[in-house]
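What follows is a set of notes on a single structure, which appears directly below.
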Amino acid sequence: SMSDRPTPVEKDDKKTADDFSKPSVTPSPTVKKASERTVIMLPGGGTIVATKLGHIQFGIPPETIKDSMSLKIKVPTVFVLPEDLFHRELGVNVAEAEFPAYYNYFLNGRRVNFIATKEQEVRLRRVFRETLLGPEEIDLASEFAPEIPKDHYPDLHKEGRYLRTFESIDELMYFTILAKVKGPGDFLVAKLGDGVMVRKQNKKFYVE
404 SMSDRPTPVE KDDKKTADDF SKPSVTPSPT VKKASERTVI MLPGGGTIVA
454 TKLGHIQFGI PPETIKDSMS LKIKVPTVFV LPEDLFHREL GVNVAEAEFP
504 AYYNYFLNGR RVNFIATKEQ EVRLRRVFRE TLLGPEEIDL ASEFAPEIPK
554 DHYPDLHKEG RYLRTFESID ELMYFTILAK VKGPGDFLVA KLGDGVMVRK
604 QNKKFYVE
């Protein structure tokens, strides 16, 4: 049975969850037991923690779904965004959320739950809207000779709506927001249901 004690998502007291968003040179993952929960260090970066709700992945480095597939484990549907979405030292985006969402929705018909701050939700929604729906305003004047009437331009918004198999990006994903909790200490909590929650405190993540 699962322990009620929180599982710190870290190797030791000197590393935070952000360290696990860094690309790893380890050829195979390290699987550890922590408070009776399995913790899987993915070879390409990121950390998976097993809970009674399923796997929760911390960090979304590039091509992360390949790690899950090569290890023959189910691609998670719950992802925790790291504090910094871009690792400046390594020049790597550690919040490449698009492909896990595409994989889960288009291949398996599942929505992804992103655990994030409200500010991160705004940024991620902007990215998904641009990549899946395109810009709200499309100016094609520079693509055609001046003598071509504008009513002869293609209606790209209409064509996009015809080809899409979904109406809203909310069909692919939803967000559980890390919210401040009243009381002593400065920490954020995202409640996932069935007693499972993710806590962020002092730049570290814990699964409870």
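Numbering-wise (my numbering), the sequence shown opens with residue 404 and increments by one.
All C-beta atoms, glycine included, are put in the ideal place defined by N, C-alpha and C.
Item                                                                                                          : Value
Candidates V497, A498, R514, of which the one nearest Y505 by Cα                                              : R514
Terminal residues of the alpha helix (DSSP H) in which V483 lies                                              : Segment 481-483 is the beta strand (DSSP E) holding V483; no alpha helix (DSSP H) there.
Segments of 3+ residues assigned as beta strand (DSSP E) that fall wholly inside the region 512-572           : 515-519
Residue ranges of each alpha helix (DSSP H) within the region 448-476, 4 or longer                            : 467-473
Y505, enclosing beta strand (DSSP E) - first and last residue                                                 : Looking at the DSSP string, Y505 is not in any beta strand (DSSP E); the run it does join, the alpha helix (DSSP H), is 501-505.
In DSSP terms, what Y577 is bridged to                                                                        : N516
Own chain partners of G457 with C-beta closer than 8 Å, once the 5 adjacent residues on each side are dropped : K477, P479, T480, V481
Euclidean distance between Cα positions of D487 and N496                                                      : 9 Å
Terminal residues of the beta strand (DSSP E) in which L595 lies                                              : 590-596
Which residues DSSP lists as bridging V497, in chain order                                                    : DSSP, once it has assigned bridges, lists no residue as partnering V497.
For R440, the first and last residue of its enclosing beta strand (DSSP E)                                    : 440-444
Euclidean distance between Cα positions of V610 and E499                                                      : 22 Å
Same chain only: Cβ atoms within 7 Å of K583, ignoring 5 sequence neighbours per side                         : L591
Separation of L527 from E574, as counted between CA atoms                                                     : 15 Å
Closest Cα partner of K475 within the set L445, L493, E492                                                    : L445
Close beta carbons around T579, own chain, < 7 Å, minus the five adjacent residues each side                  : N516, I518, A593, L595
Buried or exposed by the 16-neighbour rule on C-beta atoms within 10 Å, applied to K561                       : exposed
Environment of Y508 [buried if 16+ CB atoms lie within 10 Å]                                                  : buried
One or two residues paired with K583 in a DSSP bridge                                                         : L591
Residues that F489 bridges to, as DSSP identifies them                                                        : N496
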